[in-house]
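Please read the structure below before turning to the comments.
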Amino acid sequence: MDTQKMKVQKLVPTEYNGRWGFLDTATGEEVVPFIYDYAHAFSVGLALVRQNGWWGYVDKTGKKLFLLYMMTPAILIKMAKQR
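Below you can see the structure in the form of structure tokens.
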């Protein structure tokens, strides 16, 4: 096996203009677009991301696998005051 021809893609979460996405460390190219409010490093092929209050995971192509809406304490307090 020619190990010199093998390319290992390492993606790192990066913030740009207040948005998060992922860059390939080998090429510096954007792999997952800068559309997220928050992004965590990849683990077992998935990365935790947040977008507009929704949390979910993306794969290394940027495909969203599933999303969950999570209420923060600030949202819950605001809702309680409106009652």
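Be aware that the sequence shown starts at 1, since it is given in full-length UniProt numbering, and climbs by one per residue. Note that beta-carbon positions come from the ideal geometry of N, C-alpha and C, so glycine has one too.
Next on the checklist: Is the separation between the beta-carbon of Phe42 and that of Gly21 shorter than 7 Å?
Outcome noted: Counting from one through the sequence shown, the residue named residue 42 turns up at place 42. Counting from one through the sequence shown, the residue named residue 21 turns up at place 21. No, Cβ-Cβ distance for Phe42 and Gly21 is not below 7 Å.
Next on the checklist: Between the alpha carbons of Gly45 and Asp59, how many angstroms are there, rounded?
Outcome noted: Locating residue 45 in the sequence shown gives position 45, counting from the first residue. Locating residue 59 in the sequence shown gives position 59, counting from the first residue. Rounded to whole angstroms, the gap between the alpha carbons of Gly45 and Asp59 is 6 Å.
Item to check | Buried or exposed (CB count within 10 angstroms, at least 16 for buried), Tyr16 | outcome: Residue mapping note: residue 16 aligns to position 16 of the sequence shown, counting from 1. With fewer than 16 neighbouring CB atoms inside 10 Å of its own CB, Tyr16 falls in the exposed class.
Next on the checklist: Once the 5 residues before and after Val31 are set aside, which same chain residues still bring their CB inside 6 Å of it?
Outcome noted: Position 31 of the sequence shown holds residue 31. So the list reads Leu11, Phe22, Asp24, once near-sequence residues are dropped.
Next on the checklist: Which residues does DSSP list as the beta-bridge partners of Ala47?
Outcome noted: Within the sequence shown, the letter at position 47 stands for residue 47. According to DSSP, which records beta bridges pairwise, Ala47 is partnered with Val58.
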